[in-house]
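Structure record follows, encoded as structure tokens.
Number of protein chains: 2
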Amino acid sequence: MAGDIPDIVIGRLPIYLRALTHMAAEGESLTTSSHDLGRRLGISSAQIRKDLSHFGEFGKQGTGYNINYLFEQLRQILHLDQEWPVVLVGAGSIGHALAYYQGFKHRGFEIRWIFDNDPSKIGQDMNGMIVQDMSILAELIVDEGVQVAILAVPAAAAQQNTDLLVKAGIRSILSYAPINLAVPPEVHVRYTDPVVQLQRMTYYLD
Amino acid sequence: MAGDIPDIVIGRLPIYLRALTHMAAEGESLTTSSHDLGRRLGISSAQIRKDLSHFGEFGKQGTGYNINYLFEQLRQILHLDQEWPVVLVGAGSIGHALAYYQGFKHRGFEIRWIFDNDPSKIGQDMNGMIVQDMSILAELIVDEGVQVAILAVPAAAAQQNTDLLVKAGIRSILSYAPINLAVPPEVHVRYTDPVVQLQRMTYYLD
DNA sequence: TAGATTGTTAATCGATTAACAATC
DNA sequence: TAGATTGTTAATCGATTAACAATC
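Going line by line, the protein sequences match chains A and B. Residues 1 to 206 (this note's numbering) are what the first sequence spells out, left to right. Residues 207 to 412 (this note's numbering) are what the second sequence spells out, left to right.
As structure tokens, then:
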């Protein structure tokens, strides 16, 4: 059942979740509709209804969706009704920004450990965490059962670090390295490369 | 002609460009093939050939594509045969990481100006640039003809800053704020939200 | 030449949208 | 009730893939 839901649908759920958070915070209404949500996100109302229909019936004809209820349902669908501990690999400037980023709180994730192989960084404090030596990374992942990693190392080191993470049992990797990573099919990787995003837009510029 | 090329195709070109850079750096061969490129990127060879065929004929039957030639062609298609000056709005930890990020160099972009509205940050040096007051942002964009902006401000300030950027003439925005921005159709926006990326993957975790 | 690979066409596959009965 | 909006079906739209003639 779950396996046949298109990944592109899964990819929109966090966007819906985020919009619902804002709506709840605004507190203008207890309910929303597919039309209202779609207008905010630039998505058709039909698509939103179709997406949600993969998982159940969350709305009421005539009134739409209860914001808090739909929010909770999406949280459960995405397995965010628990906090995922995250290991951060790389204590450079990107790693630093991530270590101090407040946005993980209350959205299902917490960076708990930071690793680097640079002796000048090891032992440093970053937002209450001590940068640890890569040599004990695999052991920690196994012992703590960590499944989620953020990779913020230079491109040249990314694949070898990925192999290490995968071997230790990591199943989801968010990579900031500007390179495509090879992983086995059961491991999910998402990429963040600001330059790729910018390059995609300059096509439309003169 | 250009207008009818799907945006999803445009979105893959920077990925191809990045892979070609690595291939050129490795220097193992002067040529590649759609099959070779596809294997590296997890994309079918047919799709790569189809994508490229929107823009011209860059290969040779029997031998494939000259890496440097294809690289140059893609650079031109994406308008990266010039350096785009970028204005960075927000000098917090994300802004700081971006200001010091070396990855923009040689990939078509340079952050030239940093703005913030926090008096404690204004005047600070960041990688050779002085953080400037938001009050002179619009004037600078107009005077310098800046078209590309990176937005790294809190969600609460993102829409009002976007409105300011758009009004001043910015046409491409890369936003790190975890919120959907409303912009006129001629302005392109891309988003980077690490939490959204992570949330998309936890669906597949137990 | 023989083998390899392109560019392109047609077929397939999948995603989005329009429309509407059901019903709150 | 009348108006609004859901969930779903069928139609449309668009993207991917398979296949192959052309040709290096």
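Glycine residues also receive a C-beta, built at the ideal position from the N, C-alpha and C atoms.
Beta-bridge pairing by DSSP links residue 188 (chain A) to A:172. In summary, residue 353 (chain B) is buried, with 16 or more beta-carbon neighbours lying within 10 Å of its beta-carbon over all protein chains present. At a Cβ-Cβ threshold of 8 Å, residue 87 (chain A) and residue 109 (chain A) do not count as neighbours. For residue 353 (chain B), the neighbours in chain A by C-beta distance under 7 Å run, in chain order, 205. In this structure, the alpha-carbon of residue 193 (chain A) lies about 18 Å from that of residue 405 (chain B). Under the three-state reduction of DSSP, residue 278 (chain B) is assigned to helix. Around the C-beta of residue 60 (chain A), fewer than 16 other C-beta atoms lie within 10 Å, and the residue is accordingly described as exposed. For residue 114 (chain A), there is no enclosing alpha helix (DSSP H); the residue is part of the beta strand (DSSP E) that begins and ends at 109-116. Membership of residue 15 (chain A) in the alpha helix (DSSP H) is indicated by the continuous run 7-26. In its chain, beyond the 5 residues on either side, 115 have a beta carbon closer than 6 Å to the beta carbon of residue 137 (chain A). Counting C-beta pairs closer than 8 Å gives three or more between the stretch 139-157 of chain A and the stretch 76-93 of chain A, which meets the contact rule.
Going by DSSP, residue 271 (chain B) is part of no alpha helix (DSSP H) but of the beta strand (DSSP E) stretching over 270-272. Using a Cβ distance threshold of 8 Å, residue 239 (chain B) and residue 271 (chain B) count as a contacting pair.
Counting every other CB atom within 10 Å of its CB across the protein chains shown gives residue 401 (chain B) a total of 16 or more, marking it as buried. If you ignore the 5 residues before and after residue 327 (chain B), its C-beta comes within less than 6 Å of the C-beta of 297, 337, all in its own chain and listed in chain order.
At least one beta carbon of chain A lies nearer than 8 Å to the beta carbon of residue 396 (chain B). Legend: CB atoms of the stretch 157-180 of chain A lying less than 9 Å from CB atoms of chain B belong to residues 171, 172, 173, 174, 176, 178, 179, 180.
One thing to note: residue 411 (chain B) has its Cβ within 8 Å of the Cβ of residue 172 (chain A). Look at residue 349 (chain B) here: in three-state DSSP terms it is helix.
Within chain B, the residues 400, 401, 404, 405, 408 have their CB atoms less than 9 Å from the CB of residue 109 (chain A), given in chain order. Between the stretch 366-373 of chain B and the stretch 383-390 of chain B there are three or more C-beta pairs closer than 8 Å, enough to call the two in contact.
In the displayed model, residue 283 (chain B) falls within a helix according to three-state DSSP. Cβ-Cβ distances below 8 Å link residue 290 (chain B) to 314, 315, 316, 353, 354 in the same chain, with the five nearest sequence neighbours on each side left out; the list follows chain order.
Rounded to the nearest whole angstrom, the CA to CA distance from residue 52 (chain A) to residue 227 (chain B) is 41 Å. The beta-carbon of residue 120 (chain A) is placed no less than 8 Å from the nearest beta-carbon of chain B. Here residue 70 (chain A) is not near residue 13 (chain A), since their CB atoms are 8 Å or more apart. Residue 400 (chain B) carries a helical assignment under DSSP once its states are collapsed to helix, strand and coil.
Residue contact with chain B for residue 24 (chain A): absent (no Cβ-Cβ distance below 8 Å to any residue of chain B). Only 17, 18, 19, 22, 40, 41, 42 from the stretch 17-45 of chain A bring a Cβ to less than 8 Å from some Cβ of chain B. Around residue 253 (chain B), the same chain offers no residue with a beta carbon nearer than 6 Å, after the five sequence neighbours per side are excluded.
According to the DSSP secondary-structure assignment, residue 238 (chain B) is paired through a beta bridge with B:271. Around residue 168 (chain A), the same chain offers 138, 141, 142 as residues with beta carbons nearer than 6 Å, after the five sequence neighbours per side are excluded.
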